[in-house]
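Presented below is the structure to which this report refers.
4 protein chains.
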Amino acid sequence: MIDQDRTPHGRLSDFQSVRALSEQICEPLAVEDYGLQARVETSPLKWHLAHTTWFFETFVLKPFMPGYTPFHPGYEQLFNSYYNSLGNPYPRGQRHLLSRPTVAEVYDYRHTIDRQVLDLLDSSHCPPEALARIELGLHHEQQHQELMLTDLKYNLAQNPLWPCYREARHTPSETSGLRFLSQPGGVLWIGHDPAQGFAFDNEGPRHQVLVQPFALASRLITNGEYLEFIQDGGYSRPELWLADGWNQSLSQNWQHPLYWQRQGAQWLEFTLHGLQPLSPELPVTHISYYEADAFARWCGARLCTEFEWESVASQTAISRQGLDFAWLHPTAATAPATLHPLQLFGTTWQWTQSAYLPYPGYRATSGALGEYNGKFMCNQQVLRGSSCATPPGHSRASYRNFFYPHDRWQFTGIRLARDL
Amino acid sequence: MIDQDRTPHGRLSDFQSVRALSEQICEPLAVEDYGLQARVETSPLKWHLAHTTWFFETFVLKPFMPGYTPFHPGYEQLFNSYYNSLGNPYPRGQRHLLSRPTVAEVYDYRHTIDRQVLDLLDSSHCPPEALARIELGLHHEQQHQELMLTDLKYNLAQNPLWPCYREARHTPSETSGLRFLSQPGGVLWIGHDPAQGFAFDNEGPRHQVLVQPFALASRLITNGEYLEFIQDGGYSRPELWLADGWNQSLSQNWQHPLYWQRQGAQWLEFTLHGLQPLSPELPVTHISYYEADAFARWCGARLCTEFEWESVASQTAISRQGLDFAWLHPTAATAPATLHPLQLFGTTWQWTQSAYLPYPGYRATSGALGEYNGKFMCNQQVLRGSSCATPPGHSRASYRNFFYPHDRWQFTGIRLARDL
Amino acid sequence: MIDQDRTPHGRLSDFQSVRALSEQICEPLAVEDYGLQARVETSPLKWHLAHTTWFFETFVLKPFMPGYTPFHPGYEQLFNSYYNSLGNPYPRGQRHLLSRPTVAEVYDYRHTIDRQVLDLLDSSHCPPEALARIELGLHHEQQHQELMLTDLKYNLAQNPLWPCYREARHTPSETSGLRFLSQPGGVLWIGHDPAQGFAFDNEGPRHQVLVQPFALASRLITNGEYLEFIQDGGYSRPELWLADGWNQSLSQNWQHPLYWQRQGAQWLEFTLHGLQPLSPELPVTHISYYEADAFARWCGARLCTEFEWESVASQTAISRQGLDFAWLHPTAATAPATLHPLQLFGTTWQWTQSAYLPYPGYRATSGALGEYNGKFMCNQQVLRGSSCATPPGHSRASYRNFFYPHDRWQFTGIRLARDL
Amino acid sequence: MIDQDRTPHGRLSDFQSVRALSEQICEPLAVEDYGLQARVETSPLKWHLAHTTWFFETFVLKPFMPGYTPFHPGYEQLFNSYYNSLGNPYPRGQRHLLSRPTVAEVYDYRHTIDRQVLDLLDSSHCPPEALARIELGLHHEQQHQELMLTDLKYNLAQNPLWPCYREARHTPSETSGLRFLSQPGGVLWIGHDPAQGFAFDNEGPRHQVLVQPFALASRLITNGEYLEFIQDGGYSRPELWLADGWNQSLSQNWQHPLYWQRQGAQWLEFTLHGLQPLSPELPVTHISYYEADAFARWCGARLCTEFEWESVASQTAISRQGLDFAWLHPTAATAPATLHPLQLFGTTWQWTQSAYLPYPGYRATSGALGEYNGKFMCNQQVLRGSSCATPPGHSRASYRNFFYPHDRWQFTGIRLARDL
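First to last, the protein sequences are chains A, B, C and D. Take the first sequence: its position 56, counted from the start at 1, is 56 in the working numbering, and no numbers get skipped. Take the second sequence: its position 128, counted from the start at 1, is 548 in the working numbering, and no numbers get skipped. Take the third sequence: its position 203, counted from the start at 1, is 1043 in the working numbering, and no numbers get skipped. Take the fourth sequence: its position 248, counted from the start at 1, is 1508 in the working numbering, and no numbers get skipped.
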């Protein structure tokens, strides 16, 4: 977990723990697993390991380490994700074609960069801008840690042998009932308060928003509830769907969430723990915005907005951290319903009906780091909360995740809302 | 212009004038021109003529005309645009393959339906719901009238003979200077007031929005100003672009607005009046949201939000109606700058940085007509105002037009804004 | 029919009759029908009318008519089909976008060129090379006449109103039995004998080929016989298919010949005379090479080679001319079987298992006319004979037609053969 | 090299050496290299190792080993290449997604199957059909050995680090002059003589073909000669190209052979020994049929037919075996010209102008093994000879290799011919 101790010393300890977690994620992998890329979006884990290292090399060591010599002249291009101002990145969809550098060479790259960043942190003259970029680099790596798990899951799922990432067992408890919790709305402060530690630039500027009274669901939608939607013909009734969603669903022949499959009368779900019987108590996950929206319409509700969500979450403690190797999958909301909604964090990301747009007054920073967030503010939907694959310490009420409405490979779920 | 006289008698006169305008638009056409469809989005004019007629047949005559016999059993499918609840529409991209019914048969269809709608309006027992649907049908037809002109323009532009839709000449006057007009913002009412006549359902419910202080450009951006962006390398500097826009621009090899072309040292622009020299005084048009956004970033401004725009427009008289056969192209803003922005209406649609989303409390109506607007509320951007191709009477401050950010074939333009 | 009288006078009469037939083909069309193009291969009939005229203008009038002024400066590009040495042809798949020139303007183009070609023919100084090119132009136009009918058929078939090109009725007689006629083979002369009148360059040089003894089917395969193949699972048994054919069949979901459709228990076939009940007595047509080959394998036979076919056809009179407006569809082989196979000409083209390759010693002529045939000698299969849409006088034993193995929109059929 | 000793004992020794060579090919690989697949055609080497094993398991052990238990129930599908009669093969283009089984598990699979095949061979009761299938399986594996090298080359070439498969140096000697050697033609025997040992079914039946007199080039075309074609505008002159080739060349922006690249004024060539300066003395390779054909037309010659080639090769000793780890690239023809052409074998495959079609009387065997060759006899061109990547003992005069005319990733080259 990233500490709020923003001294070089605090950074040093954060750096070590965050960097270590990326390697822990890879522990169960065979060398062969590191290279998989089934779609343009699901990068090889080897590439993630290298790219997060490249980030520190490019944005910290090159500008701030006196006399720094690049580790390898080819890596600048190979492990650049999308920073056009740094040159032409290697084509995203072909990352699986890079058998070299090997896994061992990438670990060597990591460890070499690590040592130098630690040297810089340990020195008496680490400039504040370098410290700030190291902090950004750690949050950046945490984002990639979640992608490592979701990309790996997608890539393994193409193999009919159904490889199991880690063995695990989980007995879901019974889910608590679904209630709608009334909220007064009003003119509310939204966005990150800079006094409260790190946030990405897209979480600000903090500003006021007028929110109508509304009610928010006390928990996420379960597999069992989603099955009712399917059994009621949800995937064959265009009147429930957004037009783009309906076309997408037809063209991809969607009939159920991404990792579900039917074997005779039984539903199974592919997980990071292999094929598992589908539990009706667990939250539904790996659905697109289109499916979430159609489900909401089917049951006479709607998805919440990101402002509604944040206004509630900012008053709720983060009771559940995400990533736990013992069970890399959402768990049931078992607590009795209270005034506070459950599963805001650490379970599944929650599609909102808010498009991903800049907040009033938002400006991207100049230079290559200005490409981090701002240039994606079009065509995507905001997701709020965090998931069972989000690293500890990476959840906060103002966090704005974003994906295309057709994306399904993240741990996404459904949080309903209603007008009052 | 559609009257505000909402009696059967007022409707009768509106019906005649709106239906007549569609045919006036087609007057200069050769029979061969009616069938063109160069892209899935740019339907043949014959299809528009039939589909707007189908709308009255399907939603007025079939339910409200006792003993009504359909004009032709095949037309229900052929001329259904996207109403899935009415059956499987004929594939949108193949409308150009329908040489039958012929143009003459489609006019016969129009006139036959016209007579029966007029009979219904003229009768003493036209039910209020039928009246409401006729009103909707007329506004629907006005939307198609604008599409007829923009689709035709796109389709003719594929022909290297550069066919001229109507002969015209226009001498642009000098454009007034660009200023930014400060606005106080605050908690403002947004959306259509039902007491104020017809509006589409997506313009409501009327509700309050908190808007920060801002400044709005006094007029639209001109070709001359856009040329400076081009000459400054605007199309080759990824840092100015949204990521999706940059990819789109590369894949389509965009180098200038849709209808511009270069002949030696001279820029020309294809218009409904044939190829014309590009005038630097006229508003730039036929640009995507991506281009508008990149231009704004290039000059240190931003696009306005739909709420900012409406808050200003609702206090400004609609001084300029759109569609005028004498010059089917934007004209310059020649008036001296005042407190009120120029060119809000009747010139080009204005991309806003607002995604097309439902207003709080919005619900689509039930039945097929519920597919009119709501199902498109994803992936598109709101455009405000109206254009030189918008029929008279079809402009209003609450109007929400919407297109995909890559769309360029509408008369779209750039209205800048700034934070204060 | 093109006369063998190769004097200017004979050419004059040929020219008039061939040019007239193209217009007779268009007589039943509405103006709207002239512009249809459902696939890149199926050009608008207006384009055919103009291109065949362009051929005479480009290859006869421009080089041989002193002081000739082109009819229109834009037509050189618009109506060039594929002659790269004459400049960049207008994109083939976009011919349907050329509403201008109009149908009337294209007829004017035709008649203006006609008058000048006739003047040239009538003059005392028409050079022999001009005469030869006029002869080529007439055979070229005959090829397009067949394409006009097959393209039109394909394009009309996209319309669910099933437009009827010409009204007609036909009562098929009973088909004679299928026999295999033994042939001795040997070293045989193949290819056109230049002393025997006109032929395309790809029919020569005449040369010897060694052919093994074989047996040739006495007639074409019927719809009834093809139905047995379907009912025996022919479209779902990969072992019957070439690998490329099987993939094509899966990707296009082929279940029957191109224009067949099922209505309840009944099979119908779309024809140039509208939808007709499928007659089991008529030859099967509109099948790909893949389907023909799979059918042959299914019944333990094979398709013939082009040399086998020609060796038999060159000894058989052409008893049946093709194109007859009264019935633009194959007819049954009703004659009792004799020593000579039936339906070699005027019924359907017959896929051979010969790839379209140059004969030994073949060289394309230099200049643009060298692009006529030679550059297509790859990836295509030879078809022999002629069809019900082939103009009178255009059939001969040495004729080599060629299409891609997946093409189905020509009048193609199945002639079986067997090894002895 | 596969022995002609067709006893079980001879087979046993062949089996061991052929199986060993596949593993020797993989010796220099990192585990990561085994999984690459840059195009649907270029399978991962791990897959080749498993598929060639699957062949013995499926066609030898399952039918002929009493009480045989499959190694793994999932492998039947995973490692089936294209045998539809054995069930649905795993999608060809997704083989790179199979990180499991791992490389070690695949070697385990190989060795387990090897032991059992050796047991069968060693036993006193190995049936003749099993022996014949083992022989087929060995020739099958040899074909895959060549593919392993060409697939690997293609896959490594996607990496801008230009990985070197094996270090090597080679100093090309000067090439001998190009001459055309006259051949009398006549009625010649073509195809494999069954008395002469193993051949694939597509090399027979042996039959007579009439061949016109011709002249065959004394050696292959060199890089230097091909450079002249490039410098003479060969890639921008459509009159030199087949129509399909020209379109392919434009759409892929071909400007030179597959692995050539330009660095400033210097040409380089990617090889299995890394990037090398392009030597003008070496044979040009990795060109499509379209390029070979255009080159031939450019220099006033043509490609040979497969019958011309075989008639000469059947009278020429195979002086050069292929695959040699010391230099996995074509070498120059240095010998002085004689009556016999050089480089018929072991250098590059030679595109012929013959389409890949069945010989007269050819019938595929029944059952799954009937899918081995026959179903590919469409759309491909025959290549003759063998290449620098062909395993020793796999070359013969009757061998018919076949690829699509656009394929470039094999070691393909140009053998010219001329009419006499």
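Heads up, the beta-carbon is just placed ideally off N, CA and C, and yes, glycines get one too. No experiment lies behind these values; they were computed from the predicted model shown.
Under 8 Å, do residue i and residue j count as touching if we go by C-beta distance?
i	j	result
residue 12(A)	residue 131(A)	no
residue 1363(D)	residue 32(A)	yes
residue 461(B)	residue 533(B)	no
residue 1576(D)	residue 1604(D)	yes
residue 1187(C)	residue 1253(C)	yes
residue 636(B)	residue 728(B)	yes
residue 1028(C)	residue 925(C)	no
residue 1622(D)	residue 1640(D)	no
residue 1275(D)	residue 1378(D)	yes
residue 1406(D)	residue 1649(D)	yes
So residue i contacts chain B; which residues on that side make the cut at Cβ distance below 8 Å?
i	result
residue 424(A)	Since the first residue of chain A shown is 1 and the last is 420, residue 424(A) is not available in this structure.
residue 419(A)	780 and 781
Using a C-beta cutoff of 8 Å, does residue i count as contacting chain A?
i	result
residue 1359(D)	yes
residue 1293(D)	yes
Going by C-alpha to C-alpha distance, which of the options sits closest to residue i?
i	options	result
residue 835(B)	792(B), 711(B), 826(B) and 696(B)	711(B)
residue 94(A)	46(A), 62(A), 86(A) and 284(A)	46(A)
residue 100(A)	35(A), 191(A) and 141(A)	35(A)
residue 492(B)	743(B), 473(B), 486(B) and 795(B)	473(B)
Name, please, each residue of chain B whose Cβ falls closer than 9 Å to the Cβ of residue i.
i	result
residue 1092(C)	Correct list: empty, because the minimum Cβ distance to chain B is about 16 Å.
Name the chain D residues whose beta carbon is nearer than 7 Å to that of residue i?
i	result
residue 1074(C)	Correct list: empty, because the minimum Cβ distance to chain D is about 14 Å.
Would you verify that the beta carbon of residue i is, or is not, closer than 8 Å to some beta carbon of chain B?
i	result
residue 329(A)	no
residue 303(A)	no
residue 207(A)	yes
Determine, using beta carbons only, whether residue i comes closer than 8 Å to chain C.
i	result
residue 470(B)	no
residue 1477(D)	no
residue 528(B)	no
residue 755(B)	no
residue 458(B)	yes
residue 1667(D)	no
May I ask whether a heavy atom of the ligand FMN can be found less than 7 Å away from the beta carbon of residue i?
i	result
residue 510(B)	Absence of the ligand FMN from the depicted structure is noted, as is the absence of any ligand whatsoever, leaving it without description.
Who are the neighbours of residue i on chain C, taking C-beta pairs under 8 Å?
i	result
residue 450(B)	939, 940 and 942
residue 695(B)	Under the 8 Å cutoff, chain C gives no residues; its nearest Cβ is about 13 Å from residue 695(B).
residue 1637(D)	1082
Quick one: is residue i near chain D, going by C-beta distance under 8 Å?
i	result
residue 96(A)	yes
residue 1084(C)	yes
residue 1034(C)	no
For residue i, which residues in chain D fall below 8 Å Cβ to Cβ?
i	result
residue 1195(C)	1615 and 1617
### chain D contacts from the segment 64-94 of chain A (Cβ-Cβ distance under 8 Å)
Taking 8 Å as the upper bound on Cβ-Cβ separation, chain D lies near residues 74, 77, 78, 90 and 94 of the segment 64-94 of chain A.
### Query
When Cβ atoms are compared, which residues of the segment 572-591 of chain B fall closer than 9 Å to chain C?
Listed in sequence order: 575, 576, 578, 579, 580, 581 and 583.
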